[in-house]
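One structure is given here, and the rest of the page talks about it.
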Ligand SMILES: Nc1ncnc2c1ncn2[C@@H]1O[C@H](COP(=O)(O)OP(=O)(O)OP(=O)(O)O)[C@@H](O)[C@H]1O
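Numbering (this note's numbering), first residue to last: 55 to 669.
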């Protein structure tokens, strides 16, 4: 397998077009720290100009040495210091210049490392902030997820790399210009030779960086699988099962196989890149020694002084490395731009606009209505919900019953506006959900899903996540924990509500499945103004006594609230005012417990089946 090739004209236009991100990267760095960016520019300038000055002073030294030698020989009573003093002055000057170059280099690397840290953080925050604006559907789209992974993996280091190279290019450009001023006095042809020698390496570098990027992009699903396997093999929440099922060898083999495939491609590219780099680099060496011979001959015939010869050789050598560094920087910039295109592709991912502004419905107190709602998951073909209509008024409770995969949780996802319905309308207090301000809407809903998150935070904060406005409100934690029956075991924990949960951090305590569920259940009670409580299998992991108490509390609490309950246990479902039996996305029966029993349909059958089990 290999990445798809691209045609030469397409490559050329993409090579040019790809530099469009340079300006954005520069402004990103500028926004990150103006002081450091200016510092970088200053050091770049100093480090760019001084090498040519040093070469020029080198010429003065050699010529002054020759003159001093002649003077010393010719004098009747030579005084060493008198003869050597002019030369020593130049030597001191050269020393000073070299020290300044060192200082500028140091300044460059120090400022670069500070900028790297700041910029890495800034870009990561941008990536995460963007993630917060995306819809659930986008997260579930694997192509989009690839973009996110690629952006996170590479892009946080690339903007600075790009800016460093831009500055490096500038620095080398300044050096080159100053070298050219010196070199043109020898011969303009020398400059042409310099350029011709460096060009082939540049072209091959540019070609290979494009190849490397296409490889990186193309293989992103494999890299993602590798990252996933790393997580499964090295995370505490999966290791138990991995061990008991003996999955390590299997997963490790898969991990190694992916690497082998990737490495083979990397190796091929690296070998080709460096072989060509070496061969074309030889051309550069050849031109240098050609120019060397030319300068030597001119010196022998007396057209150049010894000092000039030294200077031109130095200028030619340094000019050559500055030129090849510049060209490498350009091809590196091309590569950085390609990676940045990835970051911007992610950041520019269109976001669904939240146009809704309502904080109150048209008919307050009307409750929730589903009007012939159907829903198909993005990318799927068959609808998961079809023609769902229901009405739930304040103070009423609704229970959803149905087989696994019948669409109960999906209905909740629509109600909480995680997805828009494909057909039909969902109204709250007489106004469609999408007209509501999303914050106002979510404030009214307290929800716990089956797959709630076990945050590696303090236990109090684990409750607080249920309402960010009361995230650290201890009184609210206590109230919620009491209603979710978590207060008893929290009181016995070493640091009470401040006890760290999970194993990631020092001193973290692990909870049992039922205890975690109580924590999650308590979260639903964190929102004071929530008048819609949604509980998706809230007690599946609890013991029977705890379950009975949870529902007793639940009934006390609900008064004028709307409650929606999903459960496979009929003992809890039977108390609901309205029970919907869902089968493959459709409501097949509705009514209260008595009525459904009397109808003697699916509900009655399942109820009896479960009751049977308890006899
Ligand atoms: N994010 C998703 N993308 C695509 N299909 C999904 C997604 N989530 C669920 N489904 C599919 O939608 C159907 C309904 O799933 P849902 O989770 O609503 O069922 P449920 O009735 O809550 O089941 P359970 O009783 O097992 O919790 C299933 O066939 C499932 O495969």
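All C-beta atoms, glycine included, are put in the ideal place defined by N, C-alpha and C. Just so we're clear, the structure is a prediction, and the values are computed from it rather than from any experiment.
Going by the beta-carbon positions, is the gap between residue 220 and residue 76 smaller than 9 Å? In contact: residue 220 and residue 76 (Cβ atoms closer than 9 Å).
Does the distance between the C-beta of residue 464 and the nearest non-hydrogen atom of ligand 1 fall short of 8 Å? For ligand 1, at least one heavy atom lies less than 8 Å from the Cβ of residue 464.
Span of the alpha helix (DSSP H), counted from its first residue to its last, around residue 336: It spans 302-354 - the alpha helix (DSSP H) in which residue 336 sits, taken as one unbroken run.
With a threshold of 8 Å on Cβ separation, who are the neighbours of residue 115 within its own chain once the five nearest residues in sequence on each side are excluded? Taking residue 115 as the centre and dropping the five residues before and after it, the same chain places the C-beta of 141, 144, 145, 148 and 361 closer than 8 Å to its C-beta, in chain order.
Exposed or buried, residue 458, counting other C-beta atoms within 10 Å across all chains shown (16 or more means buried)? Burial state of residue 458 is exposed, judged by a 10 Å Cβ sphere holding fewer than 16 other Cβ atoms.
Would you identify the three-state DSSP class for residue 470, choosing helix, strand or coil? When secondary structure is reduced to three states using DSSP, residue 470 falls in the coil class, being assigned neither helix nor strand.
Considering only residues of the same chain and omitting the five flanking positions on each side of residue 441, which have a CB-CB separation below 7 Å? Contacts found: 426, 428 and 640.
Would you decide whether residue 128 is buried or exposed? Buried here means 16 or more other CB atoms lie within 10 Å of its CB. Classification for residue 128: exposed.
Is any heavy atom of ligand 1 found at a distance shorter than 8 Å from the C-beta of residue 670? The structure shown does not extend to residue 670, since the chain is modelled only from 55 through 669, so no value can be given for it.
What is the residue span of the alpha helix (DSSP H) that residue 191 lies within? Note, residue 191: alpha helix (DSSP H), 190-193.
Between the alpha carbons of residue 564 and residue 288, how many angstroms are there, rounded? Inter-residue distance for residue 564 and residue 288 is about 18 Å (C-alpha atoms, whole angstroms).
State the start and end residues of the unbroken alpha helix (DSSP H) segment that holds residue 460. Counting along the chain, residue 460 falls outside any alpha helix (DSSP H), and DSSP gives it neither H nor E.
Sequence-distant residues of its chain with Cβ nearer than 6 Å to residue 224 (five each side left out): Around residue 224, the same chain offers 98 as residues with beta carbons nearer than 6 Å, after the five sequence neighbours per side are excluded.
For the alpha helix (DSSP H) that residue 271 lies in, which residues bound it at each end? DSSP places residue 271 inside the alpha helix (DSSP H), whose first and last residues are 242-272.
Heavy atom of ligand 1 less than 8 Å from the Cβ of residue 504, yes or no? Yes.
Check whether the region 609-629 and the region 585-596 are in contact - that is, three or more C-beta pairs closer than 8 Å. The answer is yes - the region 585-596 touches the region 609-629, with three or more Cβ pairs under 8 Å.
Can you tell me whether residue 443 is buried or exposed? The criterion is at least 16 other CB atoms within 10 Å of its CB, across all chains shown. Exposed, by the Cβ-count rule.
Starting from residue 476, follow its DSSP beta bridges and name the residues at the other end. Residue 476 is not bridged by DSSP to any residue.
Run the proximity test for residue 435: is its beta-carbon closer than 8 Å to any non-hydrogen atom belonging to ligand 1? No, since every heavy atom of ligand 1 falls outside the 8 Å radius drawn around the Cβ of residue 435.
Start and end of the beta strand (DSSP E) containing residue 645? Per DSSP, residue 645 belongs to the beta strand (DSSP E) from 640-645.
For residue 521, count neighbouring C-beta atoms within 10 Å of its own C-beta (all shown protein chains included) and say buried if the count is 16 or more, exposed if not. Buried is the call here.
Closest residue to residue 562 among 195, 512 and 139 (Cα-Cα distance): Among 195, 512 and 139, the Cα nearest to that of residue 562 is on 512.
Looking at the secondary structure, which residues open and close the beta strand (DSSP E) in which residue 426 lies? Unbroken beta strand (DSSP E) run through residue 426: 422-429.
Does the beta-carbon of residue 251 have 16 or more other beta-carbons within 10 angstroms, so that it is buried, or is it exposed? Residue burial is scored here from C-beta neighbours: residue 251 has at least 16 other C-beta atoms within 10 angstroms and is therefore classed as buried.
Selection from 422, 255, 279 and 85 that minimises the alpha carbon distance to residue 380: Closest in alpha carbon position to residue 380, among 422, 255, 279 and 85, is 255.
Using 9 Å as the threshold, is the C-beta distance between residue 102 and residue 263 below it? Going by C-beta atoms, residue 102 is not nearer than 9 Å to residue 263.
Let me check understanding here. Comparing Cα to Cα, which of 392, 453, 580 and 439 lies closest to residue 709? Coverage of the chain is limited to positions 55 through 669, which leaves residue 709 absent and any answer about it impossible.
Any contact between the region 459-471 and the region 386-400? By contact I mean 3 or more CB pairs, one from each, below 8 Å. They do not touch, by the three-pair rule.
For residue 386 and residue 227, the rounded distance between their alpha carbons: Taking the straight line joining both Cα atoms gives about 16 Å.
Quick one: does the C-beta of residue 441 sit closer than 8 Å to a heavy atom of ligand 1? Not so, every heavy atom of ligand 1 lies at least 8 Å from the Cβ.
Pick helix, strand or coil for residue 548, following the three-state DSSP scheme. Residue state, collapsed to three classes: coil.
Nonlocal neighbours in the same chain, by C-beta distance under 7 Å from residue 438, ignoring five residues either side: Answer for residue 438: 429, 430, 431, 461, 464 and 639, listed in chain order.
I need the DSSP call for residue 580, collapsed to helix, strand or coil. Note: residue 580 maps to coil in three-state DSSP.
DSSP three-state label for residue 445, please. Looking at residue 445 - three-state DSSP - the assignment turns out to be strand.
Does the distance from the CB of residue 195 to the CB of residue 278 come in under 9 Å? Cβ atoms of residue 195 and residue 278: not closer than 9 Å.
By Cβ distance, which residues of its chain are closer than 6 Å to residue 634, with the 5 residues on each side in sequence left out? For residue 634, where only same-chain residues beyond five positions count, the Cβ hits under 6 Å are 454, 641 and 644.
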